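*Asks:* Residue numbers (full-length UniProt numbering), protein chains in the order written: chain A, 1 to 363; chain B, 1 to 363; chain C, 1 to 363; chain D, 1 to 363.
I'd like to ask some things about the structure below.
Protein chains: 4
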Amino acid sequence: MSRFLRVAVAGLGRMGKRHALHFLQSTPRAHLVAAFTPDPAEIAWAKEHLEPFGVRIYTDYTALIAAETKPFTDEDSVGGLQAMVVATATTVHAEETIEAIEAGLHVLCEKPLSTNIEIAAKVVETAQKYPKQKVLCGFSRRFDTSYRDAKAKVESGAIGNPAIFRSQTCDKLDPSGFFVAYAEFSGGIFVDCNIHDIDLALWFFGDETPIKSISAVGVTAVQPDLAKHGDVDNGVGVVEFWGNKIAYFYSSRMMASGQHDMTEIIGTEGKITVNQNPIGTLVDLWEATGIRKEIPQDYYGRFREAFITEANEFTEACLDDKPLKSRLQGALSALVIGSVLQESLRSGKKIYFDEKGQRLPEA
Amino acid sequence: MSRFLRVAVAGLGRMGKRHALHFLQSTPRAHLVAAFTPDPAEIAWAKEHLEPFGVRIYTDYTALIAAETKPFTDEDSVGGLQAMVVATATTVHAEETIEAIEAGLHVLCEKPLSTNIEIAAKVVETAQKYPKQKVLCGFSRRFDTSYRDAKAKVESGAIGNPAIFRSQTCDKLDPSGFFVAYAEFSGGIFVDCNIHDIDLALWFFGDETPIKSISAVGVTAVQPDLAKHGDVDNGVGVVEFWGNKIAYFYSSRMMASGQHDMTEIIGTEGKITVNQNPIGTLVDLWEATGIRKEIPQDYYGRFREAFITEANEFTEACLDDKPLKSRLQGALSALVIGSVLQESLRSGKKIYFDEKGQRLPEA
Amino acid sequence: MSRFLRVAVAGLGRMGKRHALHFLQSTPRAHLVAAFTPDPAEIAWAKEHLEPFGVRIYTDYTALIAAETKPFTDEDSVGGLQAMVVATATTVHAEETIEAIEAGLHVLCEKPLSTNIEIAAKVVETAQKYPKQKVLCGFSRRFDTSYRDAKAKVESGAIGNPAIFRSQTCDKLDPSGFFVAYAEFSGGIFVDCNIHDIDLALWFFGDETPIKSISAVGVTAVQPDLAKHGDVDNGVGVVEFWGNKIAYFYSSRMMASGQHDMTEIIGTEGKITVNQNPIGTLVDLWEATGIRKEIPQDYYGRFREAFITEANEFTEACLDDKPLKSRLQGALSALVIGSVLQESLRSGKKIYFDEKGQRLPEA
Amino acid sequence: MSRFLRVAVAGLGRMGKRHALHFLQSTPRAHLVAAFTPDPAEIAWAKEHLEPFGVRIYTDYTALIAAETKPFTDEDSVGGLQAMVVATATTVHAEETIEAIEAGLHVLCEKPLSTNIEIAAKVVETAQKYPKQKVLCGFSRRFDTSYRDAKAKVESGAIGNPAIFRSQTCDKLDPSGFFVAYAEFSGGIFVDCNIHDIDLALWFFGDETPIKSISAVGVTAVQPDLAKHGDVDNGVGVVEFWGNKIAYFYSSRMMASGQHDMTEIIGTEGKITVNQNPIGTLVDLWEATGIRKEIPQDYYGRFREAFITEANEFTEACLDDKPLKSRLQGALSALVIGSVLQESLRSGKKIYFDEKGQRLPEA
């Protein structure tokens, strides 16, 4: 067996390309050996950026698995695949993840597992049947240095007992209409954007904290066509937990300055903010109209390092059989909350849960 | 008639003392001529700080009005009172304001007019019967340089069309139990704290924007005894407006660092934050544990200048018969929203309004 | 005698107007009773802004003193003048200050006492002959809340032993050519701008710290005509003190964003910065090009409160015979250092002092 | 020939280890094939961290070159070395660099080439004889995203014409006495710390800008024993250039909070600051004493990414025969300025240069 983790990437869209390059260039203990995409433009990109480094390109996912999972002979031969990164369209995340698990592979699946809770649950069940394989649904912020610093400080007692959690995911305004087309499959703004914030709330409050109520509102301020998909471009959601805890979320598709994802955790003895003041470079420009600071323009501009850490830690967990730092079940919990927020947005109703977190029938 | 505005202050508690000194020392066009308080400690304070400057002290409100409203003879005599500042306990704001109006005085009443909507409405009605007299319910933030800068920028189109409004009022943790006793009469955290934020939302969205829905949640993280008064020490409230606008609010009684009141107004083309990074002095201390900045410790530390501006502009409006910059009706609207938020907090229910802003019966 | 300090202001130029209004409106224990200016435009301003409040206007300085120093009868009569604020052109500061002192008045003289060291020294000598009168040369920053906070922190040991001091005075670019005309009488950029920073260095290091060496350089980047007056629009000066201390200074006439005066005091155990990040209002504007903060546009925008504190503390010192917080001798010491910096700028030479701070002959 | 750049690292001290790991793990187009160190502790480290990845370890520099420069056969064999990273003690930088150049290798030499100007000049001469080989003296800040952003903005005219340049290098206080021992060979604080700032000044003003004068002062505030080596723990230096430009520098060994290297470039129409407000993580901790931000603790904490960029760009320049972005001559110019600053510090004298930048004899 290789002393490197032999990895393939499925899907070479925006995130797939990044994952491929992270494993190729910035994950010393991994070897990217194969990539799958049926898309001609993505194939062309792969021929230029991956093939010269020995990465084999497949246009059929099943064929890739069949060929690459043959027994390992040496680093330069086909075979010995150990892990799959699933970065295709959300609609096929679940089936491809399940297929890879059943083929004996570790899997790093881009979020979300699915926008459908039942399908996502099936992924979790499948993973549970293969306990020796690592299955990670990547919530990138858990790999971010700043969030980890926040987590360490909270655990050290720096803010007392966390009670209120506020978090936002705000994308730069994209006037192209991209977000309207995207909304058809994204699951809606709470599932697509705030799912990261929800995951963080569960991380800081504890995965097992039962939900008490959920409500959400939203507006379409710049993209009225989002209404066709029951979606909005600005959403505000509130999740009340049993045990005196509240998380509230904001997401937006119309930030003028760039990407601004931030979080505050308020405890009985202090408060932590993460990225309250976003940083592009360390340059300030003092011009006639004042002092100007640029901020990151997109999600990757903010979280690039976190994705690389994720690739490296996933690799290490697979090679050394270490536990992953986030449980797959958590991805499902976040999805459930996101889906109920989206439901509340659409119905206008507040939704209640009993002390075990079981949803109550409508009054 | 005096060319100075002759003013009396009723109540010399925390805010009353400040109003008295602002009119005495920092409002060049006003003369503080009288003060009312029945409280021995406050009387003692007044004898030391006000009496030496010619301010007459009364222990009976009606007696003050009777004596001081006699015809004006000269600056050093009793008589000629033109304006009353009502800064007594909230429970008597309304009746004293009405009494002063009916005695022909201009009135600056501390917020809130009342915690009871009907009583507050009666103040508004009374004021409407005396249109020549100025009646101001002071929302100090409208007099703050920074909020005015924000308002001017929004009106100049700097952020496009405002759609989302977030605002918070966070008090420094006071472990003495003060807030529990205070909660009995305060009307609750949304009426007491967030009423400023609500007033700002109405200022930025327009006073006439009809409400669509209101919901609120809260926790008692440090003062469980607040539950006795149906109150909390951390509250999150969401107000949806017809016309694609949302305001959401946070209030807290447990900020470790000090007072942190901040606002963000998010528009289709930009965003404005007010006091995102609070400033004590302009000193940063670079010590072994990092860079430390101190912040204001209380509301007055943040808004002192705004209170002085309020005193001066109220004085100018009275002397020169200029319109006040904020309508009394707005104070009532803010109170209504605050009360419904508090009601929603207590019932756990979301409350709905029709397109004219009329409350809908529960489903 | 009046229980208010009866004050006159000489000179109603930019600073004179401000001093007049501060004493008129924001100094409760003072009464502005008279003002002197020979300038027709300033007289017109005074007729509008001062005369209605009972301030008598004089076009002759000596006449003002003669009339206003008659015995006090009552608040509304001529006489009883106790203090003079000298805010005329720098060239007459000294003679007017001396005249006022000799007439028995307390004096608050705008900085500098003179640009000529011998003349300034004469003012100090005169003041020493009248020890019951307060004579203050106002270095406004010593009255600033932030600098006082810094001073208190240093004295409490927060940064250990101060060793390095950096301070700058940077004016907003003024393309009108004002600074060229002004340079004829200003004494040069180190005497005009950095004198504040020099005064602060003496405050933080101790007035008695002997100088070891002085050197300065400068450039004319935007106003080449400054060279006519031996001046520059950007200057860098270094003052070495005996006892292991260094102060270095920067001044500029071409800041694009506005006024930026800042200081850092570096000690063996920490560092304090004052106004590293200047604040206009508390508004941040998040627009397409980034986050923009406006800063104060001029010296008064930064230090208005300090000037008012100065007026009030000067008044208190006069009325209650309290010591002033800054010694007149210090103003002279700052002037000496500023003048030697300007000399070094012009000669290009470094200038040395012995361990007692006595200047050494050129090598 | 390998399509990867085959690299060896000489020296595995603090910086050598980092270079080795950067080339091993984070430079996709390079292969680290060998490392040299005579130090037993460093050898032990290499056996653990490098050898398992196929890196051969040598205890003799010449032997390494002899063995590794044999003709290339395949990736896993000895031979085909193309580049050397010199990260040994400063005292042997020059001779090892020359030896490597003469052996036909590209060289990345840690700064400084030497603390002796003549020796450094010899390196430059040698490099000029081998124009096909890349020889880089790494000034890491030129590879930093923020400095590059600043450079791009300056070149785009964002601040008009740069006139004043201020830059500092401040190390965290190290009470162990390390800096005293280090001073024996470091060349002094201006050569060791401010050389980066000097290099930046040349970058922003232009390498060819002739010097007009140099002066420096310094103190020993925490490490009096530095005096033994003619060194200080806090230095202030001023470099005047012909053509109306000034650069001034500060360096310190006693920053309490951590590493703070910052720069400001002041132009006729604006100003740029780089790292005015240093960032550790994006976490702010709001605690009872205020808001606290942690900052990077050492040089590497600030510039890690820049070192990796340097490794990658050096690799690319070697493989693709592209020009390096910084000229070796520049490293020599920076050294000359640093040395003269250090000389001025020691003599207390200001040193002058004619309009061609030639040093003038002492007056």
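The beta-carbon is built from N, C-alpha and C at its ideal position, and this holds for glycine as well.
These numbers come from a predicted model, not from an experiment.
Show which residues of chain A have a CB atom less than 8 Å away from the CB atom of residue 423 of chain D.
*Replies:* Because chain D in this structure spans residues 1 to 363, residue 423 of chain D falls outside the shown range and cannot be described.
*Asks:* Where does K349 of chain A fall in DSSP's three states?
*Replies:* Coil.
*Asks:* Say whether chain B places a C-beta atom closer than 7 Å to the C-beta of N116 of chain A.
*Replies:* N116 of chain A does not count as touching chain B.
*Asks:* Which residues share a DSSP beta bridge with Y61 of chain D?
*Replies:* In the DSSP output, where bridge partners are listed per residue, Y61 of chain D has none listed.
*Asks:* Got a sec: is the Cβ-Cβ distance from S251 of chain A to anything in chain D below 7 Å?
*Replies:* So, not an interface residue.
*Asks:* How do the stretch 4 to 19 of chain D and the stretch 264 to 272 of chain C stand: do at least 3 beta-carbon pairs fall below 8 Å, yes or no?
*Replies:* At 8 Å Cβ cutoff, the stretches do not touch.
*Asks:* Could you give the distance in angstroms between the alpha-carbon of D144 of chain C and the alpha-carbon of T90 of chain A?
*Replies:* Rounded to the nearest angstrom, the two C-alpha atoms are 59 Å apart.
*Asks:* Report the start-end ranges of each alpha helix (DSSP H) in the stretch 273 to 306 of chain A that is 4 residues or longer and not cut off at the edges.
*Replies:* As far as the stretch 273 to 306 of chain A is concerned, it has no whole alpha helix (DSSP H) run of at least 4 residues.
*Asks:* Any Cβ of chain D within less than 7 Å of the Cβ of E240 of chain C?
*Replies:* It does; some Cβ of chain D falls within 7 Å.
*Asks:* Roughly how many whole angstroms lie between the Cα atoms of A87 of chain D and E125 of chain D?
*Replies:* Near 20 Å, if we compare the C-alpha coordinates of E125 of chain D and A87 of chain D.
*Asks:* Smallest Cα separation from P40 of chain A: which of A:P52, A:P28 and A:G13?
*Replies:* Out of A:P52, A:P28 and A:G13, A:G13 has the C-alpha closest to the C-alpha of P40 of chain A.
*Asks:* Comparing the C-beta of T73 of chain C with each C-beta of chain B, is any distance below 7 Å?
*Replies:* Not closer than 7 Å to any Cβ of chain B, the Cβ of T73 of chain C fails to qualify, so no.
*Asks:* Quick check on the DSSP output: the beta strand (DSSP E) that includes V86 of chain B runs from which residue to which?
*Replies:* Per DSSP, V86 of chain B belongs to the beta strand (DSSP E) from A83 to V86.
*Asks:* Do you know offhand how far H31 of chain D's Cα is from A30 of chain A's?
*Replies:* So the alpha carbons of these two residues sit roughly 15 Å apart.
*Asks:* If we ignore side chains and look at the alpha-carbon of each, how far apart do V33 of chain A and M84 of chain A end up?
*Replies:* Rounded to whole angstroms, V33 of chain A to M84 of chain A spans 10 Å at the Cα level.
*Asks:* Over what stretch of residues does the alpha helix (DSSP H) that includes residue 383 of chain D continue unbroken?
*Replies:* Because residue 383 of chain D is not part of the residues shown, which for chain D are 1 to 363, the question remains open.
*Asks:* Where does H19 of chain C sit, in a helix, a strand or coil, going by DSSP?
*Replies:* Residue state, collapsed to three classes: helix.
*Asks:* DSSP three-state label for E310 of chain C, please.
*Replies:* Looking at E310 of chain C - three-state DSSP - the assignment turns out to be helix.
*Asks:* If we ignore side chains and look at the alpha-carbon of each, how far apart do I164 of chain B and A247 of chain B end up?
*Replies:* Rounded to the nearest angstrom, the two C-alpha atoms are 6 Å apart.
*Asks:* Quickly, what does DSSP pair R141 of chain B with across the bridge? List them, please.
*Replies:* Per DSSP, none; premise fails for R141 of chain B.
*Asks:* Please give me, in chain order, every unbroken run of the beta strand (DSSP E) with length at least 3 that falls completely inside the UniProt domain "GFO/IDH/MocA-like oxidoreductase" (147 to 272) of chain C.
*Replies:* Those beta strand (DSSP E) runs which fall completely within the UniProt domain "GFO/IDH/MocA-like oxidoreductase" (147 to 272) of chain C and span 3+ residues are 162 to 172, 211 to 219, 234 to 241, 245 to 255 and 262 to 267.
*Asks:* Determine whether the Cβ of P296 of chain A lies closer than 7 Å to any Cβ atom of chain D.
*Replies:* No - not a single Cβ of chain D is within 7 Å of the one on P296 of chain A.
*Asks:* Got a sec: which bits of the UniProt domain "GFO/IDH/MocA-like oxidoreductase" (147 to 272) of chain A sit with their beta carbon under 7 Å from any beta carbon on chain D, in order along the chain?
*Replies:* Against chain D - using a Cβ distance shorter than 7 Å - the residues of the UniProt domain "GFO/IDH/MocA-like oxidoreductase" (147 to 272) of chain A are D149, A150, K153, A158, G270, K271 and I272.
*Asks:* Would K350 of chain C count as contacting chain D if we go by Cβ distances under 7 Å?
*Replies:* Output row for K350 of chain C: interface = yes.
*Asks:* Taking 6 Å as the limit between beta carbons, can you name the residues of its chain near Y299 of chain D, skipping five residues before and five after?
*Replies:* If we look at Y299 of chain D and ignore the five residues flanking it on each side, its Cβ neighbours are Q259.
*Asks:* So which residues on chain C does Q276 of chain D lean against when the C-beta distance must stay under 9 Å?
*Replies:* Result: Q276 and N277.
*Asks:* Let me know if V153 of chain D comes out buried or exposed under the rule of 16 or more other beta-carbons within 10 Å of its beta-carbon.
*Replies:* Strictly speaking, residue 153 of chain D in this sequence is Lys, with Val absent from that position. Answer is buried; the Cβ neighbour count reaches 16.
*Asks:* Is the shortest distance between the beta-carbon of I119 of chain B and the beta-carbons of chain G less than 7 Å?
*Replies:* The structure shown contains no chain G; its protein chains are A, B, C and D.
*Asks:* Going by DSSP, what residues sit across from F53 of chain D in a beta bridge?
*Replies:* F53 of chain D is not bridged to any residue.
*Asks:* Count the other CB atoms, across all protein chains shown, that sit within 10 Å of the CB of A181 of chain C; report buried if there are 16 or more and exposed otherwise.
*Replies:* Flag for A181 of chain C reads exposed.
*Asks:* Just to check my reading of the structure: L285 of chain B and I272 of chain C have Cβ atoms closer than 8 Å, yes? What is that Cβ distance to the nearest angstrom?
*Replies:* That belief holds up - the Cβ atoms of L285 of chain B and I272 of chain C are roughly 6 Å apart, short of 8 Å.
*Asks:* So does the stretch 306 to 320 of chain C actually touch the stretch 306 to 318 of chain B, counting three or more Cβ pairs closer than 8 Å?
*Replies:* These segments do not touch.
*Asks:* Flag this pair as yes or no: are the beta carbons of S167 of chain D and A306 of chain D separated by less than 7 Å?
*Replies:* Not a contact, by the Cβ cut-off of 7 Å.
*Asks:* First and last residue of the alpha helix (DSSP H) that includes A89 of chain A?
*Replies:* First-last for A89 of chain A: undefined, no H or E at that position.
*Asks:* Can you name the residues of chain D whose CB is closer than 7 Å to the CB of P40 of chain A?
*Replies:* Those do not exist, as P40 of chain A stays about 26 Å from chain D at its closest Cβ, beyond 7 Å.
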